[in-house]
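Q: Could you have a look at this structure, given as structure tokens, before my questions?
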Amino acid sequence: MSFSVERTKKGSSSVTSSEKSWAVQMNEVRLKERRKLVKGFTDFLESSGRMESDMYEALKAACKGNERQSEVLVEPVKKYCQELRERFEELGGERWPLEIIGVMRENGVETVEELRELCEKGVEMVPGGIVENANKAQDELALLQDAWNE
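Numbering of the sequence shown is given in UniProt numbering, commencing with residue 1 and proceeding in unit increments.
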């Protein structure tokens, strides 16, 4: 894989153009793509336990050492995966990202930037659509009911 890489020096760090485009792309991820990312992340978490055991078996097969040495090498990975799973469950697991995606879809919001702008404006978002639209529909209903009663 060959990439043409432009490097920009900023102090002691350098940033590649592919990293910049990745960051921009992540801000512009559409709803359907975001759903796939959430699903992929949950699949990754589910398979992390299997990955730990596969890594342990590969170490035993490839390296000459005792079982204790293999466990010492795999322990940081186990600890990281366990912590990642615990934090994900603390946040509500797969449920909350899917609920947010559902609210975004119902309110016609495609990107995180649009969602952030609506939140900054103080627009209340509810399942079924933005409150402004719901209020407008309720006002129209009241007008129609008044006209019907007259």
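For every residue, glycine included, the Cβ atom is placed at its ideal position computed from N, Cα and C.
Treat the numbers as computed from the prediction; the structure is a model and nothing was measured.
1) Tell me which same chain residues have a C-beta within less than 7 angstroms of the C-beta of Leu141, skipping the five on either side of it?
2) Should the stretch 88 to 108 be regarded as contacting the stretch 54 to 74, the criterion being three or more beta carbon pairs within less than 8 angstroms?
3) DSSP three-state call for Thr42: helix, strand or coil?
4) Between which two residues does the alpha helix (DSSP H) holding residue 167 run?
5) Alpha helix (DSSP H) containing Cys119: first to last residue?
6) So the alpha helix (DSSP H) Val103 belongs to, where does it begin and stop?
7) Which residue wins for smallest C-alpha separation from Gly49, given the options Arg30, Phe41, Gln82, Val72?
8) Whole angstroms are fine: how far does the CA of Met51 sit from the CA of Ser70?
A: The relevant details are as follows:
1) The residue you call residue 141 lines up with position 141 of the sequence shown. Cβ within range, chain order: n/a, list empty.
2) In short, these stretches do not touch, since the Cβ pair count stays below three.
3) Numbered from its first residue, the sequence shown carries residue 42 at position 42. Three-state result, Thr42: helix.
4) The requested residue 167 is not part of the displayed model; the chain covers only 1 to 150.
5) The count along the sequence shown starts at 1 and reaches residue 119 at position 119. Boundaries of the alpha helix (DSSP H) harbouring Cys119: 112 to 121, taken from the DSSP string.
6) In the sequence shown, residue 103 corresponds to position 103, counting from 1. Boundaries of the alpha helix (DSSP H) harbouring Val103: 95 to 106, taken from the DSSP string.
7) For the purposes of this step, residue 49 is taken as residue 49 along the sequence shown, with counting starting at 1. Comparing Cα positions, the closest option is Gln82.
8) Residue numbering aside, residue 70 sits at position 70 when the sequence shown is read from its first letter. Residue numbering aside, residue 51 sits at position 51 when the sequence shown is read from its first letter. So the alpha carbons of these two residues sit roughly 14 angstroms apart.
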